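Undergrad:
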Amino acid sequence: MSVAVVIVAAGGGRRMAAAMNKIFLPIDGSPILAHTIAAFEAMPIIESIVLVASEADRERCAALVRDGGHGKVDKIVIGGETRHASEESGLSALGVDVAAGRIDTILVHDAVRPFVRAEVVVRLVREARAVGAAIPAIPVDGPLVSVDADGRLATSGASLWIAQTPQAFRASRILEAHRRAGVEGFLGTDTASVVERLGDPVAIVVGHADNIKITTPDDLIRAELILASRRAGTVDVDRLTMPA
Amino acid sequence: MVIMPGMRLGPIVAIIPVASDDPAIALSILGRPVIAWTLRRLQSATRIERIILAVDGVSGAAAMATIGSAEDDPPPATATGPDRASAIRAALELAGPADAVLLCPPDRPLGGASIVDELTVQADGVDAVAAARPVRSTLKRVDDGRVVATVPRDSWRSDAGPWLFRRDALERALAVSETTGRPVVDGHDLALGAGLLVRLIDADATDLSIRTPADARFAERWLASIGGPAR
Chain H
2 MSVAVVIVAA GGGRRMAAAM NKIFLPIDGS PILAHTIAAF EAMPIIESIV
52 LVASEADRER CAALVRDGGH GKVDKIVIGG ETRHASEESG LSALGVDVAA
102 GRIDTILVHD AVRPFVRAEV VVRLVREARA VGAAIPAIPV DGPLVSVDAD
152 GRLATSGASL WIAQTPQAFR ASRILEAHRR AGVEGFLGTD TASVVERLGD
202 PVAIVVGHAD NIKITTPDDL IRAELILASR RAGTVDVDRL TMPA
Chain R
12 MVIMPGMRLG PIVAIIPVAS DDPAIALSIL GRPVIAWTLR RLQSATRIER
62 IILAVDGVSG AAAMATIGSA EDDPPPATAT GPDRASAIRA ALELAGPADA
112 VLLCPPDRPL GGASIVDELT VQADGVDAVA AARPVRSTLK RVDDGRVVAT
162 VPRDSWRSDA GPWLFRRDAL ERALAVSETT GRPVVDGHDL ALGAGLLVRL
212 IDADATDLSI RTPADARFAE RWLASIGGPA R
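From first to last, the protein sequence lines stand for chains H and R. Under the numbering used here, the residue at position 91 of the first sequence is numbered 92, and the numbers go up by one with no gaps. Under the numbering used here, the residue at position 210 of the second sequence is numbered 221, and the numbers go up by one with no gaps.
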């Protein structure tokens with residue numbers, strides 16, 4: 002039994018206001034997507050990768066995979082209009098292998114999170130196999146605030162966590178739950194919400210603040226800092242304040 | 012005459028609450044203390060008539076020495092107190108006849124001065140207005156290592172500040188703090204403790220607290236990328 006990861010790279014990146022899909026923006030000279038794929042390529046626990054790209058980016062993604070020698074990328078499939086539809090494309094591409102019992106665990110990952118760590122993925126897979134689903138998350142740093150119906154300040158308390166990716170699932174269950182969500186018109190803000198709505202347990206694996214999702218220009222600066230810190234072998238970037 | 016929202020507010024005084032050992036004093040961005048950048052930000056805001064440092068701890072002398080050596084402009088007035096609420100109260104006594112008080116954390120150098128106008132425009136009908144960043148991450152409520160629910164993120168914001176208080180509301184909140192003994196760190200604690208009527212507005216994504224050396228390095232690179240401090 003093996004583990005596959007679906008990397009969703011079909012988004013546009015409106016908030017980045019860049020001339021190209023943000024997955025191709027460089028960090029230290031290489032596209033964000035190349036860093037993300039390379040991270041999973043280096044993890045022995047990952048057997049195969051499905052890359053979900055937009056039609057417009059398909060050729061460029063294929064070239065990136067080919068030129069990077071990313072041998073674990075089995076398929077590049079075309080995404081949909083929504084995040085949910087893109088995930089569905091990636092998951093469907095694994096259907097035959099799941100049905101045949103060749104894949105037991107599927108991870109779904111944002112292409113613009115290049116700093117995923119191997120030890121977190123190992124824990125996620127372990128928890129997903131035991132519980133059914135597992136996500137990396139970090140506690141919210143400081144209280145979140147809102148205004149209640151009376152116009153008074155309300156705070157979030159200590160129980161709110163920030164969800165990250167990759168999110169890990171028992172393969173057969175996520176295929177079924179995702180298909181049902183699509184049929185019933187449910188669009189969650191993350192993959193795990195499609196199993197949560199069915200009452201399935203989802204385990205938390207404590208993640209790292211530097212597993213950032215690169216969505217805005219200031220995130221690119223954080224990414225450069227994180228990469229430089231990792232290469233220098235320092236950990237002080239762990240104390241970089243990350244927006245919720 | 013049509014009165015525009017917020018235009019009824021008269022003079023605004025800015026108070027920067029700061030501990031004498033605050034990281035905003037010790038950390039530097041491009042060779043200047045973080046708090047000096049925050050001061051420069053507020054000095055650019057035309058609606059602010061006066062800036063007062065409210066220093067809690069043993070003395071404001073260390074803070075003033077650090078800031079003063081980094082500033083070309085005359086250093087701001089300083090009020091001190093044994094704790095945060097006392098220091099803010101002392102700063103209010105120095106403030107003169109201000110209608111509104113901007114309570115600005117010392118570690119918020121990156122946002123523009125225009126936030127003061129934006130807060131002022133939104134001040135009608137509430138006791139306080141704060142800038143805060145919309146949450147863009149997926150939020151989960153977690154209990155005992157399991158997800159309990161996905162929480163709608165649209166209503167939540169993070170890292171609130173600066174805060175614009177109507178002066179009477181701030182005085183009321185400080186009195187509540189004194190009566191209850193509830194500790195005060197920032198505008199959030201004051202507004203929450205006194206049950207003030209509050210409005211939240213969007214802050215820039217980069218209007219972040221600069222608390223660590225890594226944050227300061229981020230700030231330097233961000234300022235370099237945009238060609239200097241925001242306006």
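Quick reminder that beta carbons are idealized off the backbone N, C-alpha and C, glycines included. Just so it is clear, the structure is predicted and the values come from calculations on it, not from any experiment.
Buried or exposed, going by whether 16 or more other CB atoms sit within 10 Å of the CB of S236 (chain R)?
TA: Exposed.
Undergrad: Pull out every residue of the segment 200 to 227 of chain R whose Cβ sits closer than 8 angstroms to any Cβ of chain H, in chain order.
TA: Cβ contacts with chain H come from A202, L203, G206, L207, L208, V209, R210, L211, A216, T217, L219, S220, I221, R222, T223, P224, A225 and D226.
Undergrad: With the cut-off set at 8 angstroms, would you say L241 (chain H) and A216 (chain R) are in Cβ contact?
TA: Taking 8 angstroms as the Cβ cut-off, L241 (chain H) and A216 (chain R) do not qualify as a contacting pair.
Undergrad: Would you kindly check if the distance between the Cβ of A204 (chain H) and the Cβ of A135 (chain H) is under 8 angstroms?
TA: Taking 8 angstroms as the Cβ cut-off, A135 (chain H) and A204 (chain H) qualify as a contacting pair.
Undergrad: Quick one: using the 10 Å Cβ neighbour count with 16 as the cut-off for buried, is P194 (chain R) buried or exposed?
TA: Answer is exposed; the Cβ neighbour count stays below 16.
Undergrad: Along the alpha helix (DSSP H) that carries R190 (chain R), what are the first and last residues, could you check?
TA: It should be pointed out that residue 190 (chain R) corresponds to Thr in this sequence rather than to Arg. First-last of the alpha helix (DSSP H) with T190 (chain R): R178 to T191.
Undergrad: Report yes if the C-beta distance between I222 (chain H) and M243 (chain H) is below 8 angstroms; otherwise report no.
TA: Not a contact, by the Cβ cut-off of 8 angstroms.
Undergrad: Determine the chain R residues that contact R223 (chain H) at a beta-carbon separation under 8 angstroms, and present them in chain order.
TA: Those within 8 angstroms of R223 (chain H) in chain R are F229.
Undergrad: For the pair the segment 142 to 160 of chain R and the segment 55 to 70 of chain R, tell me if three or more CB-CB distances fall below 8 angstroms.
TA: The segment 142 to 160 of chain R, when compared against the segment 55 to 70 of chain R, does not touch it at the 8 angstroms Cβ threshold.
Undergrad: Can you give me the start and stop residues for the alpha helix (DSSP H) that T131 (chain R) sits inside?
TA: Taken as a continuous stretch (DSSP letters only), the alpha helix (DSSP H) holding T131 (chain R) covers S125 to V132.
Undergrad: When the cut-off is 8 angstroms and only beta carbons count, does L38 (chain R) lie next to chain H?
TA: Closer than 8 angstroms: no.
Undergrad: What whole-angstrom Cβ distance do E197 (chain H) and I28 (chain H) have, given they're in contact under 8 angstroms?
TA: At roughly 32 angstroms, the Cβ-Cβ gap does not stay under 8 angstroms, so E197 (chain H) and I28 (chain H) are not in contact.
Undergrad: If we ignore side chains and look at the alpha-carbon of each, how far apart do S169 (chain R) and V196 (chain R) end up?
TA: Rounded to the nearest angstrom, the two C-alpha atoms are 16 angstroms apart.
Undergrad: Put Q54 (chain R) into one of helix, strand or coil per three-state DSSP.
TA: Q54 (chain R): helix per DSSP, three-state reduction.
Undergrad: Counting only beta-carbon separations shorter than 8 angstroms, does A171 (chain R) have a partner in chain H?
TA: Taking Cβ atoms only, chain H reaches closer than 8 angstroms to A171 (chain R), which makes this a yes.
Undergrad: Go ahead and label A150 (chain H) buried or exposed: buried means 16 or more other beta carbons lie within 10 angstroms of its beta carbon, across all protein chains shown.
TA: A150 (chain H) comes out exposed.
Undergrad: Measure from the C-beta of M18 (chain R) to each C-beta in chain H and report whether the shortest distance is under 8 angstroms.
TA: A caution first: M18 (chain R) carries a pLDDT of 49, below 50, which makes its placement in the model unreliable, though a value can still be read off. It does not: the Cβ of M18 (chain R) has no partner Cβ on chain H nearer than 8 angstroms.
Undergrad: DSSP state of V184 (chain H), grouped into three classes?
TA: Three-state result, V184 (chain H): helix.
Undergrad: Assign D154 (chain R) to one of three DSSP states: helix, strand, or coil.
TA: If DSSP states are grouped into helix, strand and coil, D154 (chain R) belongs with the strands.
Undergrad: Between D33 (chain R) and chain H, is the shortest Cβ-Cβ distance under 8 angstroms, so that the two count as touching?
TA: No - not a single Cβ of chain H is within 8 angstroms of the one on D33 (chain R).
Undergrad: Within the continuous alpha helix (DSSP H) that includes G92 (chain R), where are the two ends?
TA: No alpha helix (DSSP H) contains G92 (chain R), which is instead part of the beta strand (DSSP E) from A88 to G92.
Undergrad: Going along the chain, which residues of the segment 177 to 206 of chain H sit with their C-beta nearer than 8 angstroms to a C-beta in chain R?
TA: Cβ contacts with chain R come from G189, T190, D191, A193, S194, E197, P202, V203, A204 and I205.
Undergrad: Please report the straight-line C-alpha distance between I24 (chain H) and S188 (chain R), rounded to a whole angstrom.
TA: C-alpha separation (whole angstroms): 49 angstroms.
Undergrad: Would L110 (chain R) pass as a contact of L211 (chain R) if the rule is Cβ separation under 8 angstroms?
TA: According to the sequence shown, residue 110 (chain R) is Asp rather than Leu. Contact flag unset, no.
Undergrad: Got a sec, what are the start and stop residues for the beta strand (DSSP E) W233 (chain R) sits in?
TA: Unbroken run through W233 (chain R) is the alpha helix (DSSP H), P224 to I237; no beta strand (DSSP E).
Undergrad: In chain order, what residues of the same chain lie with their CB nearer than 8 angstroms to the CB of S39 (chain R), ignoring the 5 residues before and after it?
TA: Cβ within range, chain order: V45 and A227.
Undergrad: Using the Cα positions of D94 (chain R) and G68 (chain R), report the straight-line distance between them to the nearest angstrom.
TA: Between D94 (chain R) and G68 (chain R), the C-alpha separation is close to 6 angstroms.
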